[in-house]
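Working notes, beginning with the structure itself.
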Amino acid sequence: MKRPAYASDKVLKEFIRTALEEDIQNGDHSTLSTIPKDLEQKAQLIVKENCILAGVELAEIIFKNFDKNLKVEIFIKDGESAKKGDVAFIVSGKARSILSTERLVLNCMQRMSGIATMTHDWDSRLVGTKTKLLDTRKTTPNFRVCEKWAVAIGGGTNHRYGLYDMIMLKDNHIDYNGSITNAVKMAKDYVKKNKLKLKIEVETRNLEEVEEAVKSGADRIMFDNMDVETMTKAVKIVNKKSETEASGGITREVLNSVAKTGVDFISAGAITHSSSNIDLSLKALKI
């Protein structure tokens, strides 16, 4: 799949730089003290449990950012199914470079593969419906680019990336402001004044707020922590005047029933904050 725009070369280079600085600082002394400078070796990425693999492209970028002469032979691409025992890729080049980047590659791939696997599983429960599965901003600080990317690899759809690319008026915004009507009007005025192209989404907690959000002209209306019966009524109230999104308390078991209410989107923080890492290993292949 094509790399998302937010995972730009500039963003990834900075992420890799800070991650390696955190790990290596003044030197990978274990490697520097025991591995000859010019020793060339290979290592294979072994999959240790069934999964949807993610982070392969990132792994190659990490290797080459650290040492442009490292070579990566890829056998399983991002988004493809992998089985226990599969070899995803072989990296070859300076042994020092392989060892110094090993943990960063594994940390990223294990986390990303876990998210992609869970996302793929959840998204499969929406087959036959028009509803799309969204992620949220419930991500690990400074690791959002990888977690959002993993959602996309797993077949999910990215919600807003941050606070800057969509206006979302949540319960606290509404409570602080005083009303949905006033908050949406102010948001629209702000967008117009600053010549921004931003959608305005409103979080609602009951059918009265849904009705108010529709009248306010919000681009998308979120149904927060509503049961299926209430959401079904809410979708009818909106009547396609806005996009609709179900959120709050979403579990794997309720995905299909929520989708059948007719909502356009289901957002779930669980796919980024509650997925389990996939067991992967980078093992030496002596030349």
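Sequential numbering of the sequence shown, starting at 103, is according to my numbering.
For every residue, glycine included, the Cβ atom is placed at its ideal position computed from N, Cα and C.
It should be emphasised that the depicted structure is a prediction, and the values quoted were computed from it without experimental measurement.
Leaving out the 5 sequence neighbours to the left and right, which residues in its chain are closer than 8 Å to serine 281 when beta-carbon positions are compared? Closer than 8 Å at the Cβ level, and outside the excluded window around serine 281, lie Glu314.
Have a look at the DSSP bridge pairing and note the partners of methionine 270. Under DSSP, methionine 270 forms a beta bridge with Glu303.
Bounding residues of the beta strand (DSSP E) (the contiguous stretch that carries serine 376): Neither: serine 376 is in no beta strand (DSSP E) and is coded neither H nor E.
Count the other C-beta atoms from every protein chain shown that fall within 10 angstroms of the C-beta of threonine 233, then say buried if there are 16 or more, exposed otherwise. Taking all protein chains shown into account, threonine 233 has 16 or more neighbouring C-beta atoms within 10 Å of its C-beta and is therefore buried.
Would you kindly check if the distance between the Cβ of lysine 150 and the Cβ of serine 376 is under 7 Å? In this structure, lysine 150 does not lie closer than 7 Å to serine 376 by Cβ.
Give me the residue from Asp277, Gln127, Ala320 and Ile380 with the minimum Cα distance to alanine 289. If we check each option's Cα against that of alanine 289, Ala320 comes out closest.
Tell me the DSSP bridge mates of arginine 322? Under DSSP, arginine 322 takes part in a beta bridge, and its partners are Glu303 and Glu345.
Go ahead and pull the three-state DSSP assignment for isoleucine 163. Note: isoleucine 163 maps to helix in three-state DSSP.
Could you round the C-beta distance between valine 330 and threonine 363 to whole angstroms and report it? I think they count as a contact, below 8 Å. Confirmed, about 6 Å.
Going straight from the alpha carbon of glycine 230 to that of threonine 221, what length do you get? Taking the straight line from one Cα to the other gives about 17 Å.
Counting Cβ pairs, one atom from each stretch, are 3 or more of them under 8 Å apart for the region 164 to 174 and the region 249 to 259? The region 164 to 174, when compared against the region 249 to 259, does not touch it at the 8 Å Cβ threshold.
Using a threshold of 7 Å, state whether the C-beta atoms of asparagine 209 and aspartate 237 are closer than that. Contact: no.
Can you grab the Cα-Cα spacing for the pair threonine 359 / valine 337, in whole Å? Inspection of the sequence shows that residue 359 is occupied by serine rather than by threonine. Going by the C-alpha atoms only, they are around 14 Å apart.
With burial defined as no fewer than 16 other Cβ atoms inside 10 Å of the residue's Cβ, what is the status of threonine 353: buried or exposed? The residue in question, threonine 353, is exposed, as its Cβ has fewer than 16 Cβ neighbours within 10 Å.
May I ask you to list the residues that DSSP assigns as paired with valine 189? Valine 189 is bridged to Ile148.
At which residues does the alpha helix (DSSP H) containing leucine 206 begin and terminate? Where leucine 206 is concerned, the enclosing alpha helix (DSSP H) stretches over 197 to 226.
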